[in-house]
Amino acid sequence: MTDTSYPPGARIEVRDAEWIVRTCVPVADGYKITAVGASEFVRDEEAVFFTDLEDVSLLRPEETVLEQDDTPRFAKSRLFLEAVLRRTPLPQTERGLALSDRFLLDPLVYQQRPAELALRGVRPRLLIADVVGLGKTLEIGLILAELIRRGRGERILVVTPQQVLEQFQRELWTRFAIPLIRLDSVGIERIQQELPAGRNPFTHYKRIIVSVDTLKNEGKYGQHLEHMHWDAVVIDESHNLIGERTLRNRLAKLLARRTDALLLASATPHNGKAESFAELIRMLDPAAIVDAENYEAKQIDHLYIRRTKISPEVRDQMGAKWPDRGPSVPITCQATPKEEKVFEELTQVWLAGDERTGGPVVGTRNRLFPYTLLKAFLSSHRALQSTVANRLRNAKEEREIRALTTLKELADQITDRDSSKLDALVTELERIVVRDGNRAVVFSESVETVNWLADVLPKRLKLPAKAVDKMLGSGMTDQQQMQIIERFGLSGSDVRLLVTTDVTSEGVNLHRQCHHLIHYDVPWSLIRIEQRNGRIDRYGQRHQPQFSALLLTSGIDGVKDDRTVSAKLLEKEETAHRAFGTAEAITGEYRPEAEERRLIQDLLAGKTVEESVPDVPIDELLGDLLGPIEGQVTEGAPPRADVPRLFAGTREFVGEAIDTLNLLPGLEDDGALLAFAPPKDLVHRLSALPADYLRTHDIKKRMKVTFDEELAKRKLAEARDQKTLWPDIAYLSDLHPLVEWVTDKVLVQLGRQTAPVIVAQVDEPTYLVQGVYSNHFGQPTVVEWMAVASGRVLPGKMPDILAAAGVGPDMTNTGRPIDLAPLTARIPDAVATARRHLEERRAHYDAEIVAPLNDYRDHLESWRQLTLDGTHVSQRKKQEERVDDTVERQRRLLDSLQTTGEPLLRVLAVLVPQEATQ
Numbered sequence: 009m010t011d012t013s014y015p016p017g018a019r020i021e022v023r024d025a026e027w028i029v030r031t032c033v034p035v036a037d038g039y040k041i042t043a044v045g046a047s048e049f050v051r052d053e054e055a056v057f058f059t060d061l062e063d064v065s066l067l068r069p070e071e072t073v074l075e076q077d078d079t080p081r082f083a084k085s086r087l088f089l090e091a092v093l094r095r096t097p098l099p100q101t102e103r104g105l106a107l108s109d110r111f112l113l114d115p116l117v118y119q120q121r122p123a124e125l126a127l128r129g130v131r132p133r134l135l136i137a138d139v140v141g142l143g144k145t146l147e148i149g150l151i152l153a154e155l156i157r158r159g160r161g162e163r164i165l166v167v168t169p170q171q172v173l174e175q176f177q178r179e180l181w182t183r184f185a186i187p188l189i190r191l192d193s194v195g196i197e198r199i200q201q202e203l204p205a206g207r208n209p210f211t212h213y214k215r216i217i218v219s220v221d222t223l224k225n226e227g228k229y230g231q232h233l234e235h236m237h238w239d240a241v242v243i244d245e246s247h248n249l250i251g252e253r254t255l256r257n258r259l260a261k262l263l264a265r266r267t268d269a270l271l272l273a274s275a276t277p278h279n280g281k282a283e284s285f286a287e288l289i290r291m292l293d294p295a296a297i298v299d300a301e302n303y304e305a306k307q308i309d310h311l312y313i314r315r316t317k318i319s320p321e322v323r324d325q326m327g328a329k330w331p332d333r334g335p336s337v338p339i340t341c342q343a344t345p346k347e348e349k350v351f352e353e354l355t356q357v358w359l360a361g362d363e364r365t366g367g368p369v370v371g372t373r374n375r376l377f378p379y380t381l382l383k384a385f386l387s388s389h390r391a392l393q394s395t396v397a398n399r400l401r402n403a404k405e406e407r408e409i410r411a412l413t414t415l416k417e418l419a420d421q422i423t424d425r426d427s428s429k430l431d432a433l434v435t436e437l438e439r440i441v442v443r444d445g446n447r448a449v450v451f452s453e454s455v456e457t458v459n460w461l462a463d464v465l466p467k468r469l470k471l472p473a474k475a476v477d478k479m480l481g482s483g484m485t486d487q488q489q490m491q492i493i494e495r496f497g498l499s500g501s502d503v504r505l506l507v508t509t510d511v512t513s514e515g516v517n518l519h520r521q522c523h524h525l526i527h528y529d530v531p532w533s534l535i536r537i538e539q540r541n542g543r544i545d546r547y548g549q550r551h552q553p554q555f556s557a558l559l560l561t562s563g564i565d566g567v568k569d570d571r572t573v574s575a576k577l578l579e580k581e582e583t584a585h586r587a588f589g590t591a592e593a594i595t596g597e598y599r600p601e602a603e604e605r606r607l608i609q610d611l612l613a614g615k616t617v618e619e620s621v622p623d624v625p626i627d628e629l630l631g632d633l634l635g636p637i638e639g640q641v642t643e644g645a646p647p648r649a650d651v652p653r654l655f656a657g658t659r660e661f662v663g664e665a666i667d668t669l670n671l672l673p674g675l676e677d678d679g680a681l682l683a684f685a686p687p688k689d690l691v692h693r694l695s696a697l698p699a700d701y702l703r704t705h706d707i708k709k710r711m712k713v714t715f716d717e718e719l720a721k722r723k724l725a726e727a728r729d730q731k732t733l734w735p736d737i738a739y740l741s742d743l744h745p746l747v748e749w750v751t752d753k754v755l756v757q758l759g760r761q762t763a764p765v766i767v768a769q770v771d772e773p774t775y776l777v778q779g780v781y782s783n784h785f786g787q788p789t790v791v792e793w794m795a796v797a798s799g800r801v802l803p804g805k806m807p808d809i810l811a812a813a814g815v816g817p818d819m820t821n822t823g824r825p826i827d828l829a830p831l832t833a834r835i836p837d838a839v840a841t842a843r844r845h846l847e848e849r850r851a852h853y854d855a856e857i858v859a860p861l862n863d864y865r866d867h868l869e870s871w872r873q874l875t876l877d878g879t880h881v882s883q884r885k886k887q888e889e890r891v892d893d894t895v896e897r898q899r900r901l902l903d904s905l906q907t908t909g910e911p912l913l914r915v916l917a918v919l920v921p922q923e924a925t926q
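So the numbering used here is basically just the index in the sequence shown, starting at one, shifted up by 8.
Rendered as structure tokens:
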């Protein structure tokens, strides 16, 4: 055995059988190899081998056996060469995009930028901080696809809020053909039934999506996560990780240590403190920032990217694909007499403060509570009733109890007929014509308000009960939440109206069938208003988003009604959105809860909304960090990878493979749609697909796929008109399990360590040789495709040499015998020539690989010195230990990324002139 690892695509011999390496990663005493069987009795079987336990032989290229190809047009040989090209990961030095135009999405350059930036780093680690609606899920999908093509995406973990689990899973499958197993409550229960007690559930599937609240259960999953290593971890809505003491924060730091690639996504990536943003950045690179309180965007612009809808590249590419949002229309609702009595009580008793005869109702410690009452009433009388009742249960002061009792009596007198806002909402929904098929989403901060509206609206609108859905945060399972969102996204469902709390204001797509949004109450936070609006104002919206807000007004002197705060915040959010693309940085608070708290405190201090909320961002540092930044990207489109291929495309390769090898008996092909019963070994692979997709369309019995992008897009759109969002026809991207299955079926056609001989337009025998250098992780650092003849490596790229030799679908195979003995005798010389060529170019390869690693080594030394220079002498020893530990871990990482060992060489085929035939 040599001291090299086993690159993907290499052939090994284990247990007297031949296997094709899928992945190879170092473990404590050797390598862990995942492989698929290539010889007769293990063909298509998957296995895992540990080199310290098994006798693993790397097959020597000098011992390659030549085989004459007797298939028409040398189909088996051409398919084999294409399969090897496809199965070989792109090397570490290839930073261009390979697959950006191979998926079911619009080719928008701005959505490709994050992938470009991620591939430029020492490791693919990036915070995607685009504002709401730009398509962060699609950007993540593109990055994961590129990592998979590079052999760096076998094991993927996606962590999201529970209400978007299915949405995220569906986007990655339907658009990219990246399957994720969803470990929601049902998925976990299913796996627990399948696995022995104590078995690590994360080893059961390669690619998983799970909610952050499920995963943060340290007692249940902590020990399993400690022993897992991932190729890529994605954490959506990553601002929820901030906070040193939270379970989510500890989970994120654990995952950051246990993964190669780390992708964080958030439109609001910190809580207003520079230290919190630094905390996220340090998960990506622990040595990125010296002083967490004082740093600049340009120092970390390689680690994050942020654009808004008004960013030039976004604006230029969107055009009419994303209509500009309409204005936020205020709908004034004059309080009814019974509502006015509540306003009067709130104004004269609760909000009068020190001016009230006898002093404030509540003490200084509870001075914010009167505004809690006001906000509850501005939501609904039902919300006020609940808030008062909850307070009464815990109130101790007699004065407060009397005031609460009076307020409760006034609130209890209000009936549904006395609700001015309810009448206005019904009128607005009738204007939208929800009865005739249009849809609307109604937001409220109050659970009580949502429950009440969901109960009364069907009757008031003359709609069946199932036409109105409600969405709550607490009290609903993940399954219930996902089903509600799915129903609202289906044009064929009966749902016309979704009444929801702010649980859906982050990450949830509501724009597929809806472009009307109503704020039943208005959050006292610019960020929350923007987040709500972003549910329908996002990429993929076909109509102009329409927003309205119900504002309860009063005629009481000195009253604080919706004109006091809500109306002004609506105007400020709209102005900021148009001027800056986002309202997030305006107040300098960066969290909805903090914005609201600060505003109420300012109101208590006598300030107006105009004085409290500025028109432009007030925080220079964080405003700079959260301004549009596109990192170190190129002008124009991102560079494209140099991906060698023999076939015109995946469609041609798969089609010829199926025909030549008769892989799918009974296949129905109408030129666009392929329909067939999947063979047993393919069915086994389909177990990794989303369970809902498999079950909905009974995929394991009959599978429908297409290479036709327009057909796939149409079917994706039609799925929203049916009872499921999973289309019955899947788009065959390069990553689809069917394409991978076909590729593996081609690879196992040749015998053990065998290379085909092809009659071509060459003057002398030409040996096609693959050369691969790898790093410590088994990832290719360099891949060379060589053509060797007359003791030298021919200039030019192998696909060009094959094209010049006439190797293609128009070839003719006469089948005349070829004398293989002299060709076999020259194999050792051809291998030696290829090896010398690689060794001669080793210095060139190393320079290309080592240069960015050395740059980072220099940065590490600088970071260490600057960090220690700023440390107080009393903290010096402890800080030095922490810093040195970080530096040492990062240095080990850099060493692992360098090329190690000798190159792996493999003879792929031999081209011979016509005269070689007998």
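In this text, a Cβ means the ideal position worked out from N, Cα and C, and glycines have one as well.
Expressed to the nearest angstrom, what Euclidean distance is found between the alpha-carbon atoms of residue i and residue j?
| i | j | result |
| --- | --- | --- |
| L135 | V167 | 14 Å |
| L203 | L270 | 28 Å |
| T10 | L66 | Unreliable positioning characterises T10 in this predicted model, as indicated by a pLDDT of 39, which lies under 50. The coordinate reading is nonetheless provided below. If I take the Cα positions, the gap works out to 8 Å. |
| A917 | E792 | 15 Å |
| T101 | V29 | 21 Å |
| F82 | L913 | 24 Å |
| N302 | D570 | 39 Å |
| I196 | Q761 | 42 Å |
| Q898 | D771 | 52 Å |
| D420 | G497 | 37 Å |
| S454 | D477 | 16 Å |
| M490 | Q175 | 8 Å |
Please tell me whether residue i and residue j are closer than 7 Å, where the distance is taken between their beta carbons.
| i | j | result |
| --- | --- | --- |
| S428 | T344 | yes |
| L288 | L272 | yes |
| R653 | F715 | no |
| S284 | I250 | yes |
| P911 | Y781 | yes |
| K306 | Q757 | no |
| D239 | R157 | no |
| R710 | G141 | no |
| L733 | R178 | yes |
| V44 | D752 | yes |
| S388 | T457 | yes |
| L359 | P378 | yes |
| L400 | L412 | yes |
| D77 | P764 | yes |
Is it buried or exposed for residue i, if we count other Cβ within 10 angstroms and need 16 for buried?
| i | result |
| --- | --- |
| L930 | Since the displayed the chain opens at 9 and closes at 926, residue 930 lies outside it and no answer follows. |
| E154 | buried |
| G542 | buried |
| T372 | exposed |
| P368 | buried |
| V441 | exposed |
| G779 | buried |
| A473 | exposed |
| H237 | exposed |
Just to check my reading of the structure: residue i and residue j have Cβ atoms closer than 8 Å, yes? What is that Cβ distance to the nearest angstrom?
| i | j | result |
| --- | --- | --- |
| I313 | A296 | Rounded, the Cβ-Cβ distance is 15 Å, inconsistent with contact. |
| L518 | I537 | Going by Cβ atoms, the distance from L518 to I537 rounds to 15 Å, so no, they are not a contact pair. |
| T276 | H247 | 5 Å |
The ligand FMN heavy atoms versus the CB of residue i: any closer than 6 Å?
| i | result |
| --- | --- |
| R178 | The model depicted lacks the ligand FMN and carries no ligand whatsoever. |
Strictly by DSSP, which residues pair up with residue i?
| i | result |
| --- | --- |
| R536 | R536 pairs with nothing; no bridge assigned. |
| M291 | For M291, which the question treats as bridged, DSSP gives no partner whatsoever. |
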